[in-house]
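Single-structure report; data block below.
Residue numbers (full-length UniProt numbering): 1 to 62.
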């Protein structure tokens, strides 16, 4: 059976970049956006404010 790699990205704009990027990563987990996927999944929470950005990520095998 082939192994699949997936990427799930959640974006948010705002000034509190650190908090927002963590919230977006948590939103992916809370809403189970990965349901139905199998293999390696890269979750990314990304927040931006004009030219500044913050990103957090997590990699899981499901």
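Where is the CB? At the ideal position from N, CA and C, for every residue including glycine.
Item: Unbroken beta strand (DSSP E) run spanning residue 15, endpoints; Value: Run containing residue 15: none; DSSP gives neither H nor E here.
Item: Pairwise C-alpha distance: residue 51 and residue 40; Value: 30 Å
Item: Contacts around residue 60, its chain only, beta-carbon distance under 8 Å, and the 5 residues preceding and following it disregarded; Value: 34, 40, 41 and 43
Item: Under the three-state DSSP convention, the category residue 62 falls into; Value: coil
Item: Neighbourhood of residue 54 by C-beta distance below 6 Å, restricted to the same chain and skipping five residues each side; Value: 17, 18, 21 and 47
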